[in-house]
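Convert by adding 162 to the 1-based position in the sequence shown; the result is the number in the numbering used here.
From the three backbone atoms N, C-alpha and C, an ideal C-beta is built for every residue, glycine too.
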Amino acid sequence: MKNKKTIEIINTMALRGPNIWTYRPIIEAWVDIGDLEDSPSNTIPGYYERLTGMLPGLVEHRCGVGEPGGFLQRLREGTWPAHIMEHVMIELQNLAGVQTGFGKARETSTRGVYKVVVRARHEHVSRLALTSARDLVMAAMEDRPFDVAAAVQEMRELADSVALGPSTACIVEAANDRRIPSIRLNEGNLVQLGYGARQRRIWTAETDGTSAIAEGISSDKDLTKSLLASCGVPIPEGRVVDSEEDAWEAAEEIGTPVVVKPTDGNHGRGVSTDLNTRSEIDAAYRLARDEGSDVIVEKFIRGNEHRLLVVGGRMVAAARGEAAAVVGDGTSTIAQLIDSQINTDPRRGTTE
């Protein structure tokens, strides 16, 4: 009978809550290594060198030895493909920016069949890491090339597409620092923190302690202004308008420069600032109208924009907004100027 020296992924399960392996989400895959059960890593000439050449970061993996280099020690002494897949899955996800550390590989009662378990911060990314790890392990065994950079880039792009929004991600990371487990409850930004009677839920930057009334007020800029004014908080002069002509009349009433924006917009969409002429205000009205239900014209107040974070009735952080701008050089396109003058800042990430 012909040898079956291959790795087959029989079944994959996502365990999204507490499970027999850990209290965090994991991917559990059943893999059949077939006749490779008779071929531990120390019996394959050049395998150690090829695998570590592809993934030099494996030197940091502790494995059961408990110190950096522990996995490589196991690799030299002889270990099986399922165990190697576990560590390759972890390393590929780490290279893609999806920090992962927990993993297990355990035999089953069926010869050659193993359970491979790895922490899954993003389920889709972990599933892709599983198949990529299988292909990389086989390529190293058979002395075939494998494009690690391309595999990592694919995982990185997938992670960017399914990642939590920045506000939600910050909250989840803070919970993780406090060893509070989290479960993503939908494809968006609805997340459960903790389990059982003490669980809490967040949605983007809102918590389950945010009232529907508060949310409704804050999403209406005109109503928010009137309530702040009733409390003695200074607000910019302005009003809701219903046409381009009305917008210009409002600007003349309060005096230019003005700001034109949707009453219920967010993320700065549809907002135009420092407007002085009729043509500017007409164009700004059309832009704001397309982004929201109503349009408001307000006095433009010069200064820095800040966003304040209040937790438990206390302001705990403030972020200053900076307007992005480029300076032309007479030859470069706007896109080229953005890349050379703005996107070179490493704090901007790779997807902005």
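Quiz prompt | Three or more C-beta pairs below 8 angstroms linking the stretch 266–282 and the stretch 218–237 | solution = no
Practice problem: Note the first and the last residue of the continuous beta strand (DSSP E) segment covering Gly-215. | Solution: Translated into the one-based positions of the sequence shown, residue 215 becomes position 53. Note, Gly-215: premise wrong, no beta strand (DSSP E); alpha helix (DSSP H) at 209–216.
Practice problem: Could you have a look at Leu-392 and say whether DSSP puts it in helix, strand or coil? | Solution: In the sequence shown, residue 392 corresponds to position 230, counting from 1. In the sequence on display, residue 392 carries Ser and not Leu. Helix.
Self-check item: Alpha-carbon to alpha-carbon, Gly-454 and Arg-431
Solution: As a working note, residue 431 is residue 269 in the sequence shown. As a working note, residue 454 is residue 292 in the sequence shown. Roughly 9 angstroms separates the two Cα atoms.
Quiz prompt | For Gln-261, three-class secondary structure by DSSP | solution = Taking the first residue of the sequence shown as position 1, residue 261 is located at position 99. Coil at Gln-261, not helix or strand.
Quiz item: In chain order, what residues of the same chain lie with their CB nearer than 8 angstroms to the CB of Leu-106, ignoring the 5 residues before and after it?
Solution: Missing from the structure shown is residue 106; the chain here goes from 163 to 514 and no further.
Quiz item: Under 8 angstroms between the Cβ atoms of Asp-370 and Arg-362?
Solution: As a first step, residue 370 must be located in the sequence shown, where it is residue number 208. As a first step, residue 362 must be located in the sequence shown, where it is residue number 200. Yes. Within cutoff.
Quiz item: How would you label Ser-288, buried or exposed, when you count the other beta carbons within 10 angstroms and need 16 or more for buried?
Solution: Translated into positions along the sequence shown, residue 288 becomes position 126. Under this definition Ser-288 is a buried residue.
Quiz item: Taking just the CA atoms, how far does Ala-267 sit from Thr-214?
Solution: One-based indexing of the sequence shown puts residue 214 at position 52. One-based indexing of the sequence shown puts residue 267 at position 105. Answer to the nearest angstrom: the Cα atoms are 20 angstroms apart.
Self-check item: Beta-carbon gap between Ala-301 and Pro-307 smaller than 8 angstroms
Solution: If you number the sequence shown from 1, residue 301 lands on position 139. If you number the sequence shown from 1, residue 307 lands on position 145. Going by C-beta atoms, Ala-301 is nearer than 8 angstroms to Pro-307.
Exercise. Locate the alpha helix (DSSP H) running through Tyr-447, then write down its first and last residues.
Key: The residue you call residue 447 lines up with position 285 of the sequence shown. Run containing Tyr-447: 440–453, per the alpha helix (DSSP H) assignment.
Quiz item: Ends of the alpha helix (DSSP H) at Gln-315?
Solution: Counting from 1 along the sequence shown, the entry for residue 315 is found at position 153. Run containing Gln-315: 310–324, per the alpha helix (DSSP H) assignment.
Exercise. Could you spell out the range, first to last residue, of the alpha helix (DSSP H) harbouring Arg-296?
Key: Start at 1 with the first residue of the sequence shown, and residue 296 comes out as number 134. 285–303 is the span of the alpha helix (DSSP H), which, as asked, contains Arg-296.
Quiz item: Val-353 and Ile-345 look like a contact to me (Cβ under 8 angstroms); what is the Cβ gap, rounded to whole Å?
Solution: Mapped onto the sequence shown, residue 353 falls at position 191. Mapped onto the sequence shown, residue 345 falls at position 183. Right, the Cβ-Cβ distance comes to about 7 angstroms (below 8 angstroms), so this counts as a contact.
Practice problem: Determine the direct distance from the alpha carbon of Val-310 to that of Glu-304, and round the result to whole angstroms. | Solution: The residue labelled residue 304 in the question sits at position 142 within the sequence shown. The residue labelled residue 310 in the question sits at position 148 within the sequence shown. Going from the Cα of Glu-304 to the Cα of Val-310 covers about 16 angstroms.
Quiz item: Out of Glu-170, Thr-493 and Thr-241, which has the shortest C-alpha to C-alpha gap to Thr-205?
Solution: What you label residue 205 is simply residue 43 of the sequence shown in a count that begins at 1. Checking every option, the nearest Cα to that of Thr-205 belongs to Thr-241.
Quiz item: What residue range is occupied by the uninterrupted alpha helix (DSSP H) comprising Gln-235?
Solution: On the sequence shown, residue 235 is found 73 positions in, with the first residue counted as 1. That run of the alpha helix (DSSP H) goes 232–239.
Quiz item: When the Cα of Val-299 is compared with those of Glu-407, Ile-195 and Lys-277, which residue comes out closest?
Solution: Counting from 1 along the sequence shown, the entry for residue 299 is found at position 137. For the residues Glu-407, Ile-195 and Lys-277, the minimum Cα distance to Val-299 belongs to Ile-195.
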